[in-house]
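Chains as they are written, first to last, in our numbering: chain A, 1 to 332; chain B, 1001 to 1332. By construction, the Cβ of each residue, glycine as well, lies at the ideal position given by its N, Cα and C atoms. Remember, predicted model here, so these are calculated numbers, not experimental data.
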DNA sequence: ACCTGTTATGTTACACGTAACATTTAATGG
DNA sequence: CCATTAAATGTTACGTGTAACATAACAGGT
């Protein structure tokens, strides 16, 4: 069972009886070779099971038609939807995507970016606006367009596409206050930049109304049961709590579960609001109040902008704000 | 703003005043060059922001220390956890992962595999045991080890790691029947192989007990609200339904939501069971009856087996069954 | 038959890091 | 201080597809 080397263009060429250049042309555009040559080459390629080799085109400085996508987490549903948006665009434009994640760690992000760049990707979509100095240097050196998604903070690199997390949570909490809730607590997990922005929006709304800011936070990564736990802890520490604003839907749903366990009536005794507008918020009873974020659109627009810039277009808008929507549901 | 070519080893070498070979040695193992050379090279590398280039090592038939992971879907939480398991192992072993997904389409799977193979990955982890003929040919040609995850069907390629979906659903449905439920309906979405195996397990259990098999199925991809919809439709079509077995937790949770909306008491009037054992099933009220699948372990073991085989070990077990656990919760 | 222009194929050189071997420099022992 | 060995660096060749240019084949018009 000797390990055969995998076939090269030359191997295909030998079968057909031409030079590998002809095979190369056929693979890039079949119409470039004569009709009977097309069938002969097709057969040989099929017979050998030829697999293209990207190495040479990486050696030359040709475009790779691959772009890198870097998300902090795959367990977070948000990014699955953003990725879907990105790929809806890249698929049509003939770009392949290389996906990586880094568990909210700057150092891991750097490592992943180095990995992706080592494959000469044509562009890069990041999910944060905070990077190590080395990351910034690498990206500058690579000289490829970069997009930072998710928030509309002024981009650390070139261009950002997202929504205003601060404004969104400010509006949501203001609405809760308008509904008459006074002792609203902020529930947060996984303290990334966006979580912090949302907390600041919460604080602004509370302070504007002369209310006290309280929070229940953890570094643990978000989950439904964590939401339940945080609510339980909140009720112990702040017994007069009449509302919680959660940094995402998962926590909010878990909080609702805990209220149901403790027979706390929503929204009469307790208001609960989340962030993102995932499907479960619509499915559940009561329907969850939440900020609906344009996740798929963020992906689509990011990919469009990136590809436009790969094609040489200048940046027309450094910051693209795709907005959000407040959905009241039945939980506030 | 002339586009600078990105720096090569030669550029680093020119700064330091040595040949690129010395730089290459340093990058692979700093101890291989003299002490003062180490600092000089480190500075130059930092200054240029040198990014490694994988092309040459792809050209030579060297190992790439990258493996490919192919999952049908990223929105499906199951795979996020499997991937976490895989990467826990690959990270330690010094392998990079290239992740791709294909939306349950054989053709897209083929395309993704071609893409991954074109980067000379050292091994491949797939999530299905059904592939196009061309896919099989390519994999054979590539001559790299392949693992098929998720179920314990006899592997289409070489080795499979997973659990017995058929037995699991058979046991769960049997348990529901033992609890006294008779008119149990199977709720399914996204008709992939594992969904079908689960349905067959359901049917076996029902038939063994002389009960009638009924199902409510759709090709739409799974979601919480789809679970609610399916339950609603089930109650219209089969009004005497007293239990539903769902192909996954999402559908089951949605079904519970719908029961809550319609004031159907769980488990007194309706039994509901899911599949996988996701966090939400523990968080929610009532706690969901479900089959707990070893998702992360499937990932870990798959990666271990793959790496062992990349290192030349022979296959010791063609099929590795990692078992499952029935968790009753409060919903049956 | 001859020229023109088009189409199809061939030739050459190149991109970049590394294995294998060659050479230089430094270090140790007598 | 020379001989021998070890350490550090240099040299050469290689792998694979493609751009750019070169050549061959062929059609159509006169």
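Consult DSSP for residue i and reduce its assignment to one of helix, strand or coil.
i, result
"residue 1151(B)", "strand"
"residue 214(A)", "strand"
"residue 1257(B)", "helix"
"residue 96(A)", "strand"
"residue 325(A)", "strand"
"residue 138(A)", "helix"
"residue 12(A)", "helix"
"residue 173(A)", "helix"
"residue 1168(B)", "helix"
"residue 1284(B)", "coil"
"residue 44(A)", "helix"
"residue 290(A)", "strand"
"residue 1001(B)", "Low confidence applies to residue 1001(B): its pLDDT is 36, below 50, so where it sits in the model is not reliable, and the reading given next is rough at best. If DSSP states are grouped into helix, strand and coil, residue 1001(B) belongs with coil."
"residue 49(A)", "coil"
"residue 1066(B)", "strand"
"residue 1017(B)", "coil"
"residue 1034(B)", "coil"
"residue 1265(B)", "coil"
"residue 1113(B)", "helix"
"residue 1027(B)", "helix"
"residue 1222(B)", "coil"
"residue 198(A)", "helix"
"residue 1058(B)", "helix"
"residue 6(A)", "coil"
State the beta-bridge partners of residue i as determined by DSSP.
i, result
"residue 71(A)", "101(A)"
"residue 1279(B)", "Its beta-bridge partners do not exist; DSSP assigns none."
"residue 360(A)", "No statement about residue 360(A) is possible, as the shown extent of chain A runs from 1 to 332 and does not include it."
"residue 1245(B)", "1186(B), 1273(B)"
"residue 1125(B)", "1069(B), 1147(B)"
"residue 1319(B)", "1160(B)"
Tell me which residues share the same chain as residue i and place their Cβ nearer than 7 Å to its Cβ, disregarding the 5 neighbours each side in the sequence.
i, result
"residue 235(A)", "241"
"residue 1114(B)", "1138"
"residue 1077(B)", "1278"
Is the CB-CB distance between residue i and residue j below 9 Å?
i, j, result
"residue 163(A)", "residue 151(A)", "yes"
"residue 1206(B)", "residue 1271(B)", "no"
"residue 124(A)", "residue 117(A)", "yes"
"residue 190(A)", "residue 222(A)", "yes"
"residue 1073(B)", "residue 1161(B)", "no"
"residue 208(A)", "residue 169(A)", "no"
"residue 1134(B)", "residue 49(A)", "yes"
"residue 224(A)", "residue 201(A)", "no"
"residue 66(A)", "residue 102(A)", "no"
"residue 1122(B)", "residue 1064(B)", "yes"
"residue 232(A)", "residue 185(A)", "no"
"residue 1144(B)", "residue 1310(B)", "yes"
"residue 6(A)", "residue 51(A)", "yes"
"residue 299(A)", "residue 149(A)", "yes"
"residue 326(A)", "residue 284(A)", "no"
"residue 22(A)", "residue 41(A)", "yes"
"residue 1156(B)", "residue 1131(B)", "yes"
"residue 1081(B)", "residue 75(A)", "yes"
Counting only the same chain and skipping the five closest in sequence on each side, list residues whose C-beta sits under 6 Å from that of residue i.
i, result
"residue 1165(B)", "1151, 1194, 1197, 1198"
"residue 1315(B)", "1159"
"residue 1331(B)", "1266, 1267, 1272, 1286, 1288, 1289"
"residue 229(A)", "none"
"residue 1179(B)", "1332"
"residue 90(A)", "97, 303"
"residue 1183(B)", "1240, 1241, 1242"
"residue 120(A)", "58, 64"
What residues in its chain sit with their C-beta under 8 Å from that of residue i, if we drop five residues either side in the sequence?
i, result
"residue 249(A)", "274, 275, 276, 277, 278, 280, 281, 288, 290"
"residue 1(A)", "In this predicted model, residue 1(A) has a pLDDT of only 36, less than 50, meaning its place in the structure is not dependable; the value taken from the coordinates is given anyway. If we look at residue 1(A) and ignore the five residues flanking it on each side, it has no Cβ neighbours."
Taking Cβ-Cβ distances below 9 Å as the criterion, which residues of the stretch 203 to 228 of chain A are in contact with chain B?
223, 224, 225, 226, 227, 228
According to a CB-to-CB cut-off of less than 7 Å, which residues of the stretch 247 to 267 of chain A neighbour chain B?
254, 257, 260, 261
Residues, ordered as in the chain, of the stretch 1109 to 1133 of chain B that lie near chain A by beta-carbon distance below 8 Å
1114, 1115, 1117, 1118, 1119, 1120
For the stretch 1268 to 1281 of chain B, list every residue whose C-beta sits within 7 Å of some C-beta in chain A, in sequence order.
1279, 1280
Under 8 Å, CB to CB, which of the residues in the stretch 159 to 191 of chain A have a partner in chain B?
none
Give the residues from the stretch 1047 to 1058 of chain B that approach chain A closer than 8 Å (Cβ to any Cβ), ordered along the chain.
1048, 1049, 1050, 1051, 1052, 1053, 1054, 1055, 1056, 1058
For the stretch 1287 to 1315 of chain B, which residues have a beta carbon sitting closer than 7 Å to at least one beta carbon of chain A?
none
To be precise: take each residue of the stretch 5 to 17 of chain A, compare its Cβ to all Cβ atoms of chain B, and keep it if any distance is under 9 Å. Which residues remain?
5, 6, 7
Please name the residues in the stretch 132 to 146 of chain A whose beta-carbon is closer than 7 Å to at least one beta-carbon of chain B, in chain order.
137, 138, 140, 141, 142, 143
Members of the stretch 1062 to 1079 of chain B near chain A, C-beta cut-off 9 Å
1066, 1073, 1074, 1075, 1076, 1077, 1079
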